[in-house]
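So the protein lines, in turn, are chains A and B.
No gaps in the numbering here: position 81 of the first sequence is 81 in this note's numbering, and each next residue is one more.
No gaps in the numbering here: position 128 of the second sequence is 128 in this note's numbering, and each next residue is one more.
We put the beta carbon where it would ideally sit given N, CA and C, even for glycine.
Protein chains: 2
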Amino acid sequence: MNYTRWPIVVRMTAFLLAQLGAHAADRFAERIAPLDLAPRHVGLLRWIAAHPGASQREIAAAFGVQPSRVVVLVDELERRDLVQRHQDPGDRRSRSVRLTERGERMLAEVGRVFLAHQADLLAALTEEESAVLGELLGKVAAARGLTDGVHPGHAAADSGA
Amino acid sequence: MNYTRWPIVVRMTAFLLAQLGAHAADRFAERIAPLDLAPRHVGLLRWIAAHPGASQREIAAAFGVQPSRVVVLVDELERRDLVQRHQDPGDRRSRSVRLTERGERMLAEVGRVFLAHQADLLAALTEEESAVLGELLGKVAAARGLTDGVHPGHAAADSGA
DNA sequence: TATTGTTATACTCTATAACTATA
DNA sequence: TATAGTTATAGAGTATAACAATA
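See below:
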C-alpha cells in the first residue's frame, strides 16, 4: 500500500502536512456550509470583528489582496446581513465595515462549529498529544511567519492592531 | 496581535493545520514550478510510476476523479514527454500509461526538491521534534483514512496494489 | 492628480454532459 | 448496449484593468 520509488526512507512530513491541512479545510468547509458560509468568509468575519469600522482598503491591505476582491467578499457578507457598510463622514470615498448583530451571533456559532470540528479531527490523539501537536505546529508556523494570520490564498497575516 | 472574540482559550490546532498545510503546498508548488510541474502532476506521476501500464480508467478510479480529468492531466504530462500512452492490444479502446525515461528522471528530481522543501519547512524543529510531528500527523491521517493517498481535491487514497 | 471603491473582463481549475470508437 | 477515452461546455474562484466619485 506504500507505493515507493521515492525517498520514502524519511517520513514525508511535509506531504502529510499538506494532505491533512487540505483535509481539515475541506471538513471545516462542510461544517459551515449549512450556515451559508465558506472558509474565506470566516477569516474575514473574524478580522472585521477584531477591527470594527476598518475601511475596505484596510481590509485589503491586511489580507494582502486586491480591493476588488474585498468588494466581492463584503458583498457576500452584506447580502447575508452579517456585516454592514457605513459612510465614513470624514472621507466620503471610504466605507467602514462592521459586524451586524446577526454577524456577531454567527461568529459565535462558527466558533462552536470549529471546536466540534477540531475535536473530531484530533480524536485519535490523547489530550497530551494534541497539546504537543499544537505546540510543534505553532513553532513551525511562527518560524515561517504565519503568526495569527489566515490562510494563504484566502488571506495574509495580521498586520497589527 | 491575537485578535480574539473567539474561543482562543484552546489552541486552534485545526486551524494551524489548515494554514500550515496550505503554506506547505504553496511553497512546494513554487519549488516545482521551474520544472514546469504543479502539485497535481506530482501525485499522478508518482502513482503511474508505482502502477506502470495502468489504464486511464484505473487512474480515474484510484484518484476518485472523472475520466475526463485524467485525459487533461495525462495530456499535460505527455506534452512534457514525462509519460506515454500505449494501445492496449487486448482492448483497443483502452490506453495504458507509463513513465518515459524522462519521466523517471523527473520523478527523481522532484524527490530531491521535496526533501529540500521539507528541510526548509521544518527547519525550526529539532530532529526529534520533527519525528514526533511526523508521528502525530501520521496517526491523525491514518485515523481519518488518509493513508498513503494524495491530496483531496487533487486525488484520493491509494486503492491497492 | 491621487485615492476609494466599484464594475468589467479574462484566466485557471474543475465538473458535467455530449460524442467517438471500440467491444 | 455498454464501456474507454475524448471533446465541448459551463461553473467557481481569483486576478487585472478600466472606471466613477471624491479628495
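DSSP on residue i, reduced to helix/strand/coil?
{"i": "H86(A)", "result": "strand"}
{"i": "A131(A)", "result": "helix"}
{"i": "A25(B)", "result": "helix"}
{"i": "R79(A)", "result": "helix"}
{"i": "M12(B)", "result": "coil"}
{"i": "A124(B)", "result": "coil"}
{"i": "L146(B)", "result": "coil"}
{"i": "Q118(B)", "result": "helix"}
{"i": "G103(B)", "result": "helix"}
{"i": "Q66(B)", "result": "coil"}
{"i": "G53(A)", "result": "coil"}
{"i": "R92(B)", "result": "coil"}
Compute the Euclidean distance between the alpha carbons of residue i and residue j, then round it to the nearest angstrom.
{"i": "P67(A)", "j": "S55(A)", "result": "10 Å"}
{"i": "R46(A)", "j": "G43(B)", "result": "34 Å"}
{"i": "R112(A)", "j": "V10(B)", "result": "12 Å"}
{"i": "Q118(B)", "j": "A124(A)", "result": "25 Å"}
{"i": "T100(A)", "j": "M106(A)", "result": "10 Å"}
{"i": "Q19(B)", "j": "G21(A)", "result": "7 Å"}
{"i": "L35(B)", "j": "S96(B)", "result": "25 Å"}
{"i": "L121(A)", "j": "R40(A)", "result": "20 Å"}
{"i": "A38(A)", "j": "A29(A)", "result": "6 Å"}
{"i": "G103(A)", "j": "L133(A)", "result": "32 Å"}
{"i": "G138(B)", "j": "L16(A)", "result": "7 Å"}
{"i": "R80(B)", "j": "G53(B)", "result": "18 Å"}
Between which two residues does the beta strand (DSSP E) carrying residue i extend?
{"i": "R98(A)", "result": "R95 to L99"}
For residue i, decide whether its Cβ has a neighbour in chain A, counting only Cβ atoms nearer than 8 Å.
{"i": "V140(B)", "result": "yes"}
{"i": "V132(B)", "result": "yes"}
{"i": "G64(B)", "result": "no"}
{"i": "A123(B)", "result": "yes"}
{"i": "A143(B)", "result": "yes"}
{"i": "R31(B)", "result": "no"}
{"i": "Q118(B)", "result": "yes"}
Would you give the residue range spanned by the alpha helix (DSSP H) that residue i belongs to?
{"i": "A62(B)", "result": "Q56 to F63"}
{"i": "L45(A)", "result": "P39 to A50"}
Is residue i close to chain B? Criterion is C-beta to C-beta, closer than 8 Å.
{"i": "G53(A)", "result": "no"}
{"i": "G103(A)", "result": "no"}
{"i": "L17(A)", "result": "yes"}
{"i": "A156(A)", "result": "The pLDDT assigned to A156(A) is 35, lower than 50, so where the model puts this residue is not dependable, and the model offers no usable value."}
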